[in-house]
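Participant: Could you have a look at this structure, given as structure tokens, before my questions?
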Amino acid sequence: MKKQSFSILLILLMSIVSTKAMAYDLAVENADGVTIYYNYTNDGKELEVTYESESKYHDDVVIPEEVTFKDITRKVTSIGYLAFANCPGLTSVTIPNSVTSIVDAAFQECSGLVSVTMGNGVTRIGESAFINCKQLKSIKISDLAAWCNIEFENNSSNPLYYAHHLYLNGEEIKDLVIPNRVTRVGNYAFSGCHGLTSVTIPDGVTTIGKYAFQWCKSLTSVTISNSVTSIEYSAFYACSVLSSVTIGSGIESIGFQAFAYCPELTDVYCYANNVPDTETNAFDSSSVETATLHVPASSVDAYNAAEPWKNFGTIQGMVEGKVKLSKTTAIIERGKILTLRVKVYPETLEDQSVTWESSDKKVAVVTKAGKVKGLKAGTATITCISNATGAKATCKVLVGYVKLSDTEVCVEKGKTMTLKSKVYPTSVKDQSVTWKSSNSAIATVTSKGKVKGVKVGTAVITCTSNATGLSTVCEVTVGYVKLSDTEVTLEKGKTKALKSRVYPLTEDQTVTWKSSAPTIVKVTSTGKIKGVKVGKATITCISNATGLKATCEVTVTKASAAPSLDGSDDEVTSIEEKAALAEEFDVYDLNGRRVLNKVTSLDGLSNGVYIVNGKKIVVKK
10 MKKQSFSILL ILLMSIVSTK AMAYDLAVEN ADGVTIYYNY TNDGKELEVT YESESKYHDD
70 VVIPEEVTFK DITRKVTSIG YLAFANCPGL TSVTIPNSVT SIVDAAFQEC SGLVSVTMGN
130 GVTRIGESAF INCKQLKSIK ISDLAAWCNI EFENNSSNPL YYAHHLYLNG EEIKDLVIPN
190 RVTRVGNYAF SGCHGLTSVT IPDGVTTIGK YAFQWCKSLT SVTISNSVTS IEYSAFYACS
250 VLSSVTIGSG IESIGFQAFA YCPELTDVYC YANNVPDTET NAFDSSSVET ATLHVPASSV
310 DAYNAAEPWK NFGTIQGMVE GKVKLSKTTA IIERGKILTL RVKVYPETLE DQSVTWESSD
370 KKVAVVTKAG KVKGLKAGTA TITCISNATG AKATCKVLVG YVKLSDTEVC VEKGKTMTLK
430 SKVYPTSVKD QSVTWKSSNS AIATVTSKGK VKGVKVGTAV ITCTSNATGL STVCEVTVGY
490 VKLSDTEVTL EKGKTKALKS RVYPLTEDQT VTWKSSAPTI VKVTSTGKIK GVKVGKATIT
550 CISNATGLKA TCEVTVTKAS AAPSLDGSDD EVTSIEEKAA LAEEFDVYDL NGRRVLNKVT
610 SLDGLSNGVY IVNGKKIVVK K
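Numbering (the numbering used here), first residue to last: 10 to 630.
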């Protein structure tokens, strides 16, 4: 329940008002404007809802989990004696998780009370706490285990004495399966719960308390696990349509009238080899003289000689039951499913049905068909129980996986990178793994997970746990970037286009260009570079697909001087040297007229002498 702040209406500490002493320490409004009265408990650290003679609660009342007064917050931990008594207008009450105790007569004579929502913290309900709440129809809970553990002081204190219907998270409980973490079904826990039709007591429970299921008038079948050793006084008293009872092999004692007044009882299966210590009236008025008792074949004579078992009309020996699973241990990858197959013996059993249980549903769950799904790393025990014989078999399941530092990587041809592994669950001591490449011609991997790109392409690296056999993969792409030039000398103010190629040749050939010194060399998004000032800079080309890169070192030189009309007589170049001209240039005749503009060849010129980059060039064909 959410923490709420409340406005204090009144605080009176043992004061006298109109010559009458008030029985409460403070009164506050809850979130709905209803005034609730409290006394301090536990040296003033906690609060108990208390009785106030003038209070007449009506409609719906929500008891807060905490109350804040003068900047001090105290938990509401109990509902005191007569706290809500004699309030016929009260129709529903919500009890928070902070409340651990409902004291005697707390809701007595609340004749209009229809519904109670019970918090998970309640451990005790006092005598006559809900006596004469005759309109009470339902109890709503969110934790069945918490309900099983409540200590009821007296039958009339159990809300189900009147309600008859128990709701778990909004759904009425009809086929009741007690949670595994319960060790005892408490006294009166389900007394008078008319909605129940079947009850299963699983392993872990050792005791079924007094009156636990008395007057459950719709209950037809009960299955009690091997862990239960004691069925106490009147546990299933007056379950008027109960026809079938299965009692596990661990039973040691059955109390006074435990199954009395169950006139529809037809079959009792008791798997105890030794006859349990049983009160002689345990089956009073249950027509056992027409019922069949099924016991281990080797124990038929012992039951025939013991009270009250010998009173059954028929005592039959059962062949020893057995359950066999296809696996007794298994490893499941997280998120994957394993199907366990089951065989129930003897094969002549008409009822071959089984019940499946998981010891830890956070780690693994199991369906009615035996399909086990791993949810998170850890271990869980899957138990399969024969519904006919109570025999069981188990499979210990380890749920795990292998995790890599990367699942997709790009490695430049000739370069290396290292993958790191982790085996889950971490409780697995052997964390060693085996590495394998799907194509060593493209990428190799060492026993330490070191991956090397050999040639362009893709390969899958598989990492397998030596302990669990589970594996995972990383897809490796050996890709590199190739440039048209890796070194360029460029005059200040001049430009040049660099071209890129991304390998492997995928659809995405886009790249990003960067200059290490844009004040020296600028580069455009298309790879065109321009010399800005004299110096050196590195142009980097990065593949957008792979993240790999290539570089080009650019040197920017001073611009050449204006050409002389005469040229340099001592620097005359013959036509044979024209092939060495690589950069674009202008060609001038000896009169200073430009005859060719930005060319890389002297083709097309007639024989003669020309000036190129300040030098005389002789064209002679």
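Note that beta-carbon positions come from the ideal geometry of N, C-alpha and C, so glycine has one too.
Helix, strand or coil, according to DSSP, for Leu499 in the structure here?
Facilitator: Note: Leu499 maps to strand in three-state DSSP.
Participant: Grab the span of the alpha helix (DSSP H) containing Asn313 for me, first residue to last.
Facilitator: Element bounds for Asn313: 309 to 313.
Participant: If we ignore side chains and look at the alpha-carbon of each, how far apart do Val485 and Val442 end up?
Facilitator: Distance between the alpha carbons of Val485 and Val442: 18 Å.
Participant: Consult DSSP for Ala300 and reduce its assignment to one of helix, strand or coil.
Facilitator: In this structure, Ala300 counts as coil in the three-state DSSP scheme.
Participant: What residue range is occupied by the uninterrupted beta strand (DSSP E) comprising Leu99?
Facilitator: Where Leu99 is concerned, the enclosing beta strand (DSSP E) stretches over 99 to 103.
Participant: Quick one: what's got a C-beta closer than 7 Å to Val304's C-beta in the same chain, skipping five residues either side?
Facilitator: Excluding sequence neighbours, Val304 sits near Cys279, Tyr312, Ile324, Gly326, Met327.
Participant: Could one say the Cβ of Cys393 lies closer than 8 Å to chain D's Cβ atoms, at least one of them?
Facilitator: Annotation note: the requested chain D is absent from the structure, which comprises a single protein chain.
Participant: Identify every residue that forms a DSSP beta bridge with Phe222.
Facilitator: Answer is none; Phe222 lacks a bridge partner.
Participant: So, helix, strand or coil for Cys157, using DSSP?
Facilitator: Residue state, collapsed to three classes: helix.
Participant: Return helix, strand or coil for Lys319, following the three-state DSSP convention.
Facilitator: It is helical.
Participant: Could you spell out where the alpha helix (DSSP H) holding Tyr242 opens and where it closes?
Facilitator: Tyr242 -> no alpha helix (DSSP H), and no H or E assigned at all.
Participant: For Ile626, count neighbouring Cβ atoms within 10 angstroms of its own Cβ and tell me buried if that reaches 16, exposed if not.
Facilitator: Buried is the call here.
Participant: In whole angstroms, give me the CA-to-CA distance for Ile150 and Leu407.
Facilitator: Near 33 Å, if we compare the C-alpha coordinates of Leu407 and Ile150.
Participant: Over what stretch of residues does the alpha helix (DSSP H) that includes Leu177 continue unbroken?
Facilitator: First-last for Leu177: 175 to 177, but that is the beta strand (DSSP E), not the alpha helix (DSSP H).
Participant: Output the residue ranges of the alpha helix (DSSP H) runs that lie fully inside the segment 344 to 374 and measure 4 residues or longer, sorted by chain position.
Facilitator: Complete alpha helix (DSSP H) runs here, min 4: none at all.
Participant: Can Leu514 and Cys472 be called in contact, C-beta distance under 8 Å?
Facilitator: Not in contact: Leu514 and Cys472 (Cβ atoms no closer than 8 Å).
Participant: Determine the direct distance from the alpha carbon of Ser147 to that of Tyr46, and round the result to whole angstroms.
Facilitator: Tyr46 and Ser147: Cα-Cα distance of roughly 26 Å.
Participant: Looking only at DSSP bridge pairs, what is Met426 linked to?
Facilitator: Its beta-bridge partners are Val460.
Participant: Along the alpha helix (DSSP H) that carries Ala559, what are the first and last residues, could you check?
Facilitator: Ala559 -> not in any alpha helix (DSSP H); beta strand (DSSP E) instead, spanning 558 to 566.
Participant: Based on the DSSP output, what are the partners of Cys271 in its beta bridges?
Facilitator: None; Cys271 has no bridge partner.
Participant: Do you know how far the Cα of Phe245 is from the Cα of Ser230?
Facilitator: C-alpha separation (whole angstroms): 11 Å.
Participant: Check the DSSP bridge columns for Glu417 and list the partner residues they point to.
Facilitator: Paired residue(s): Glu484.
Participant: Alpha carbons only, please: which of Gly257, Phe594, Ser243 is nearest the one belonging to Ser234?
Facilitator: Nearest of Gly257, Phe594, Ser243 to Ser234, Cα basis: Gly257.
Participant: At the level of alpha carbons, what is the spacing between Thr50 and Gly89?
Facilitator: Their backbone Cα atoms lie some 11 Å apart in a straight line.
Participant: If you follow the beta strand (DSSP E) that Ala339 is part of, which residue opens it and which one closes it?
Facilitator: Segment 338 to 342, the beta strand (DSSP E) holding Ala339.
Participant: Considering only C-alpha positions, which residue in the set Phe161, Trp156, Thr498, Cys119 is nearest to Glu136?
Facilitator: With distances taken between Cα atoms, Glu136 lies closest to Phe161.
Participant: Taking DSSP as the reference, what is the three-state secondary structure of Tyr619?
Facilitator: Strand at Tyr619.
Participant: Going residue by residue through the segment 87 to 143, where are the continuous alpha helix (DSSP H) segments of at least 4 residues, counting only ones entirely within it?
Facilitator: The qualifying runs do not exist here; there are none.
Participant: Out of Thr390, Ser166, Thr86, which one is the CA nearest neighbour of Trp365?
Facilitator: Among Thr390, Ser166, Thr86, the Cα nearest to that of Trp365 belongs to Thr390.
Participant: According to DSSP, is Ser249 part of a helix, a strand, or is it coil?
Facilitator: Coil, per DSSP.
Participant: Could you work out which residue in Thr215, Gln144, Ile187 is closest to Leu205 when comparing CA atoms only?
Facilitator: Measuring from the Cα of Leu205, the nearest candidate turns out to be Ile187.
Participant: In whole angstroms, what separates the C-alpha of Lys542 from that of Leu428?
Facilitator: Approximately 44 Å between the Cα atoms of the pair.
Participant: Can you list, in chain order, the residues of its chain with a C-beta nearer than 8 Å to that of Ile451? Leave out the 5 residues immediately preceding and following it.
Facilitator: Within the same chain, Ile451 has close Cβ partners Gly462, Val463, Lys464, Val465, Gly466, Thr467, Ala468, Val485, Val487.
Participant: If you run the structure through DSSP and keep just helix, strand and coil, what is Tyr171?
Facilitator: Here Tyr171 sits in helix by DSSP.
Participant: Would you tell me roughly how many angstroms separate the C-alpha atoms of Leu302 and Tyr242, rounded to the nearest one?
Facilitator: So the two alpha carbons sit approximately 21 Å from each other.
Participant: For Ala40, is the classification buried or exposed, using 16 other Cβ atoms within 10 angstroms of its Cβ as the cut-off for buried?
Facilitator: With fewer than 16 Cβ atoms within 10 Å of its Cβ, Ala40 is classed as exposed.
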